[in-house]
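Chemist: Quick one: structure below, then a few questions.
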Amino acid sequence: MNRYETQSPAPADEPAPEASDVHALAESERRYRALFENMNAGFVLFEVVDATPEHPADLLIVAANRGFEATTGLRREAVVGHRLRDAVPGIEHDAFDWIGTYTRVALTGQALQFEQNSARLGAHYSVSAYQAAPRQCAVTFVDISERRRAETALRDSEARLRTILDGVDAYIYLKDTQGRYLFANAAVRQLWRAELDDIVGHGDEHFFDEATARNIRRNDQRVLEFGETVRADETNTVSHDGRRRSYISVKLPLRRADGSVYALCGISTDITERVDIEEQIRALNAGLEQRVAERTAELIAANQELDAFAYAVSHDLRAPLRAMSGFASIIKEEHGAALDSDALALLDEIDAAGARMGALIEGLLTVSRSTRGELQRVEVDVSALAEQGLAQLQRLEPQRSVRWSVEPGIFAYADSAMLDAVMQNLIGNAWKYTAATADASIRVYCDEGDGHSWICVADNGAGFDMRHAHRLFKPFQRLHRHDEFPGLGIGLATVHRIVHRHGGEVDAHGEPGAGATLRFTLPDPATR
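Under UniProt numbering, read the sequence shown as residues 1 to 528, first letter to last.
Right, here's the structure in full:
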């Protein structure tokens with residue numbers, strides 16, 4: 001036995017202990033030694049060694065358990081009975097004064113509990129130190145390095161998350177089940193001009209007027225009591241400084257591992273400017289609708305007046321025109337024998353001019369009638385209209401040889417009578433301008449382009465110069481001489497007016513001597 005295990009012999013005048021007492025003492029010592037050896041925590045017993053001229057003050061390692069080995073990586077056989085400076089070289093240079101701290105505990109009897117890192121042992125420990133006997137210090141310690149690393153990682157993660165949340169423009173906050181704020185990001189703090197400590201622990205009534213706080217609490221309760229995720233427009237919120245704002249908020253429950261809700265996370269976006277703009281747009285739309293209604297009424301009245309004017313003009317023109325043509329015919333019939341050839345030629349000019357004037361009057365009425373009445377939109381078989389129109393033209397001019405084709409299955413949503421007028425004018429136009437073409441052909445098809453479905457009528461006839469394309473759809477405007485191709489310039493103007501009445505578009509492409517393609521599209525696109 002070493003000097004720490006020796007016992008002084010009992011004085012002669014003291015009675016020898018009973019065998020049972022000795023056995024009980026040995027059993028107690030055995031139990032405590034088993035506990036000492038098998039405890040997970042490290043244990044070491046130090047004894048103070050005073051300084052000498054040869055050695056500074058130190059601690060003698062009197063005893064250590066297996067936990068000491070596992071926790072420090074030092075073998076008991078190598079350290080027990082040795083000074084601490086020798087067992088752990090350089091320990092005196094550690095940032096923490098281990099020798100001085102344990103010496104004070106051994107000499108003063110003041111117990112200590114602390115957590116400290118040891119650079120020499122490369123670990124962080126949770127330490128309990130107490131006086132075991134005069135000049136002795138017993139130390140139990142646990143390696144908490146993993147916990148400290150986890151805590152450090154958690155702090156770093158929280159710091160990163162806080163940095164991210166503070167960098168977001170949205171208002172992000174956490175509330176407990178009582179509606180008290182647990183966290184508010186920089187956007188919230190800036191909005192309320194408050195530090196985090198001034199926000200945490202307070203409810204919404206601290207920052208908003210009563211009505212606003214009540215509305216917010218109502219949404220929060222759905223999250224905290226029923227575990228719902230709530231998306232809500234929290235408009236007209238009024239803070240205590242009188243500022244009125246509008247937000248769109250998403251609030252979701254935060255749950256424990258057992259599924260119970262312990263807090264809510266809210267993300268709110270300031271939509272005040274959007275709400276204000278929407279209000280302005282609604283006001284503008286209301287005013288615009290009123291102006292449109294007034295303008296529509298004015299246009300209807302103007303169109304009615306224009307129609308009335310067209311009919312009045314045509315009626316007023318027809319009477320003198322009939323008289324002029326009639327008198328010219330009477331002169332020619334009753335006095336033709338007395339007139340020379342020049343006079344007869346002049347009468348023919350008068351008669352031709354009258355006929356042309358009559359045609360112009362009819363054209364004016366045609367344009368006027370083309371878009372009269374309400375639109376009755378239905379699904380119209382455009383292919384069928386084209387087939388019928390081309391077949392009728394062939395019957396009227398059987399001597400002509402024209403190759404024509406119509407793509408089947410072309411439909412459009414339009415007024416059937418008006419769309420029929422469009423197709424007959426386009427087909428008639430193609431038929432007319434291929435009259436001088438040896439191998440005439442006309443094709444009706446649907447083409448997808450520019451985001452629209454275009455109904456096209458193409459021919460290989462006379463064509464036109466694209467520099468004059470803007471004149472094609474104007475009333476009484478013609479790109480060819482009357483002696484080349486008869487007509488008044490009414491057909492395409494009628495097409496333009498009907499298509500635009502439907503809200504569609506019409507255009508044309510051509511090349512002199514190489515034919516033309518006239519096409520239109522309607523708002524409800526044609527489908528194959």
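Even for Gly, the Cβ is constructed at its ideal location relative to N, Cα and C.
Small disclaimer: the values here were computed from a predicted structure and weren't measured.
With DSSP run on the structure shown, which of helix, strand or coil describes R471?
Modeler: Residue state, collapsed to three classes: helix.
Chemist: If we count the other Cβ atoms within 10 Å of its Cβ and call it buried at 16 or more, is G461 buried or exposed?
Modeler: Result: buried.
Chemist: Taking all protein chains shown into account, do 16 or more other C-beta atoms lie within 10 angstroms of the C-beta of A129, making it buried, or fewer, making it exposed?
Modeler: Buried: at least 16 other Cβ atoms inside 10 Å.
Chemist: Short of 7 Å in beta carbon distance, which residues of its chain neighbour V48, apart from the five on each side in sequence? Order them along the chain.
Modeler: Counting only Cβ-Cβ distances below 7 Å, and skipping sequence neighbours, we find L59, T103, A106, L107 and R135.
Chemist: Could you tell me the distance, in whole angstroms, from the CA atom of F46 to the CA atom of V139?
Modeler: Rounded to the nearest angstrom, the two C-alpha atoms are 8 Å apart.
Chemist: State the DSSP-derived secondary structure class of G510, mapped to helix, strand or coil.
Modeler: Three-state result, G510: strand.
Chemist: Assuming F473 contacts P512 under a Cβ cut-off of 8 Å, what Cβ separation, rounded to an integer in Å, is found between them?
Modeler: Wrong, their Cβ atoms sit about 19 Å apart, outside the cutoff.
Chemist: By the 10 Å Cβ neighbour count, where 16 or more other Cβ atoms means buried, how is G449 classified, buried or exposed?
Modeler: Burial call: exposed.
Chemist: What residue does the beta strand (DSSP E) around I144 start on, and which one ends it?
Modeler: Unbroken run through I144: none, as it is neither H nor E.
Chemist: According to DSSP, what are the bridge partners of S453?
Modeler: Its beta-bridge partners are E448.
Chemist: Helix, strand or coil: which one does DSSP assign to P11?
Modeler: For P11, the pLDDT reaches just 49, beneath the cut-off of 50, and the residue's location in the model is therefore unreliable, leaving the point undetermined.
Chemist: At which residue ranges does the region 135 to 199 contain complete beta strand (DSSP E) runs of 3 or more residues, listed in the order of the chain?
Modeler: With a minimum length of 3 residues, the continuous beta strand (DSSP E) runs that stay inside the region 135 to 199 are 136 to 143, 171 to 176 and 181 to 184.
Chemist: Check whether the Cβ atoms of A508 and A516 lie closer than 8 Å to each other.
Modeler: Contact flag set, yes.
Chemist: Output the boundary residues of the alpha helix (DSSP H) element that contains E69.
Modeler: It spans R66 to T72 - the alpha helix (DSSP H) in which E69 sits, taken as one unbroken run.
Chemist: Taking C-beta to C-beta, are residue 529 and V382 nearer than 8 Å?
Modeler: Outside the displayed range of the chain (1 to 528) lies residue 529, so it cannot be described from this structure.
Chemist: Drop a sphere of 10 angstroms on the beta-carbon of Y262, count the other beta-carbons inside from all chains shown, and report buried for 16 or more, exposed for fewer.
Modeler: Y262 is exposed by the Cβ-count criterion.
Chemist: Where S441 and C456 are concerned, what is the direct C-alpha to C-alpha distance, given to the nearest angstrom?
Modeler: Each residue's alpha carbon lies about 14 Å from the other.
Chemist: What does the Cβ neighbour count give for A493, buried or exposed, with the cut at 16 atoms within 10 Å?
Modeler: Per the 10 Å Cβ criterion, buried.
Chemist: Could you check if R528 is buried or exposed, using at least 16 other CB atoms within 10 Å of its CB as the buried criterion?
Modeler: In this prediction, R528 scores a pLDDT of 39, lower than 50, which makes its location untrustworthy; no coordinate-derived value is stated.
Chemist: With DSSP run on the structure shown, which of helix, strand or coil describes I490?
Modeler: I490: coil per DSSP, three-state reduction.
Chemist: Measuring alpha carbon to alpha carbon, tell me which of K175, I216, D97 and T71 ends up nearest S246.
Modeler: Among K175, I216, D97 and T71, the Cα nearest to that of S246 belongs to I216.
Chemist: If you check the beta carbons only, do V402 and Q392 fall under 8 Å apart?
Modeler: In this structure, Q392 does not lie closer than 8 Å to V402 by Cβ.
Chemist: Can you give the Cα-Cα distance for D86 and I144, rounded to whole angstroms?
Modeler: Rounded to whole angstroms, D86 to I144 spans 25 Å at the Cα level.
Chemist: Out of Q178, R497 and G122, point me to the one whose CA is closest to R218's CA.
Modeler: Ranking the options by Cα distance to R218, first place goes to Q178.
Chemist: I'd like the span of the alpha helix (DSSP H) that includes S383, first residue to last.
Modeler: Looking at the DSSP string, the run of the alpha helix (DSSP H) that includes S383 is V382 to L396.
Chemist: Using DSSP with H/G/I as helix, E/B as strand and the rest coil, what is A526?
Modeler: Note that A526 scores a pLDDT of 44, beneath 50, so its modelled location is shaky and nothing firm can be said.
Chemist: How about L191 and D220: are their beta carbons less than 8 Å apart?
Modeler: Not in contact: L191 and D220 (Cβ atoms no closer than 8 Å).
Chemist: Do A328 and D351 have their C-beta atoms closer together than 8 Å?
Modeler: In this structure, D351 lies closer than 8 Å to A328 by Cβ.
Chemist: Report yes if the C-beta distance between F183 and A41 is below 8 Å; otherwise report no.
Modeler: It is not a contact, given that the beta carbons lie outside the stated cut-off.
Chemist: Check whether the Cβ atoms of G336 and L346 lie closer than 8 Å to each other.
Modeler: No. Outside cutoff.
Chemist: With respect to the beta strand (DSSP E) encompassing T521, which residues constitute its N-terminal and C-terminal limits?
Modeler: Element bounds for T521: G515 to T521.
Chemist: Tell me which residue opens and which closes the alpha helix (DSSP H) that T108 is part of.
Modeler: That run of the alpha helix (DSSP H) goes W98 to T108.
Chemist: Looking only at its own chain, which residues have a Cβ that is under 6 Å from the Cβ of V380, when we skip the five neighbours before and after it?
Modeler: For V380, where only same-chain residues beyond five positions count, the Cβ hits under 6 Å are A412, A414, S416 and L419.
Chemist: Can you tell me the Cβ-Cβ gap for L375 and H502, rounded? I've got them flagged as a contact below 8 Å.
Modeler: Sure, about 7 Å apart at Cβ, within 8 Å.
Chemist: Within 10 angstroms of the Cβ of T212, are there 16 or more other Cβ atoms? Answer buried if so, exposed if not.
Modeler: So T212 ends up on the buried side.
Chemist: If you reduce the DSSP assignment to three classes, tell me which class D351 lands in.
Modeler: D351 falls in the helix class under three-state DSSP.
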